[in-house]
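So in the numbering used here, spot 64 of the sequence shown is number 91, and the numbers just go up one at a time.
Below is one structure, written out as structure tokens, with a few remarks after it.
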Amino acid sequence: MTSSFEFNTYPARLSDAERDKALNLLRDGVAMGRLSHDTFIRRMELALAARRLEELAPLTADLATEGRVSRLVFGTVEAVSGFGVRLRRAWQAERVPKLLLPHPGAGHPLRIGRDPASGLRLTHETVSRVHAELSRQGGMWVLRDLGSTNGTTVNGRRVIGAAIVREGDQIGFGQMAFRLAVN
């Protein structure tokens with residue numbers, strides 16, 4: 028009785044770690060502006076469909092940084108380009124009045140608006156009568172917009188429903204802005 032075994036040697040299967048490395052390079056490439064969004068999407072699809080390492084190499088060949096000099100140049104450009112944004116935020120932070128967070132044991136939310144019964148009464152015309160509410164929930168501060176006309180913002184982004192806030196955040200009610208601070 029003779030048995031025949033057929034031996035096929037297939038190339039090693041692509042590991043998840045190798046695929047993740049390629050996807051991270053692609054993600055970094057689009058974040059640094061070295062790839063367009065469309066190119067990123069196409070290459071990502073090809074990386075996810077790749078079966079061998081040889082299929083991944085061309086997808087990231089133009090994104091691999093070449094040694095210390097490239098990392099130094101890219102790191103320096105990144106640091107310099109972000110400097111203006113950090114400087115502008117620091118300048119504005121000192122010009123915005125502070126809003127002290129209530130004592131955590133207060134137990135009831137701080138109501139904010141033009142209504143005389145509000146815990147924080149703001150008489151500016153862009154602030155709604157019942158504008159927002161600041162409360163402590165699960166050890167975190169939560170700012171909730173109460174259907175205001177001109178909106179509530181946290182660090183420049185409009186609050187839809189509620190947002191978690193912390194010390195140092197810039198919050199706005201209509202055109203009034205404050206920086207949250209702790210007693």
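Beta carbons: idealized from backbone N, C-alpha and C, even for Gly.
Does the separation of the CB atoms of Glu186 and Leu207 fall below 8 Å?
Contrary to the premise, residue 186 reads as Val rather than Glu in this sequence. No, these two residues do not count as a Cβ contact at 8 Å.
With a threshold of 16 other CB atoms inside 10 Å of the CB of Arg156, please say whether the residue is buried or exposed.
exposed
Determine the contact status of Ile198 and Leu147, defining contact as a CB-CB distance below 8 Å.
no
Close beta carbons around Trp168, own chain, < 8 Å, minus the five adjacent residues each side
Leu128, Leu161, Ser162, Ile191, Val192, Arg193, Leu207
Using the C-alpha atoms, what's the distance from Gly166 back to Ala84?
47 Å
Looking only at its own chain, which residues have a Cβ that is under 7 Å from the Cβ of Ser145, when we skip the five neighbours before and after it?
Arg138, Ile139
Which of helix, strand or coil DSSP assigns to Gly94:
With a pLDDT of only 48 at Gly94, under the threshold of 50, the placement of this residue in the model should not be trusted; the figure read from the coordinates follows. It is helical.
Rounded straight-line distance, which links the Cα of Asp89 to that of Glu72
17 Å
Ile198 by DSSP, collapsed to three states: which one?
strand
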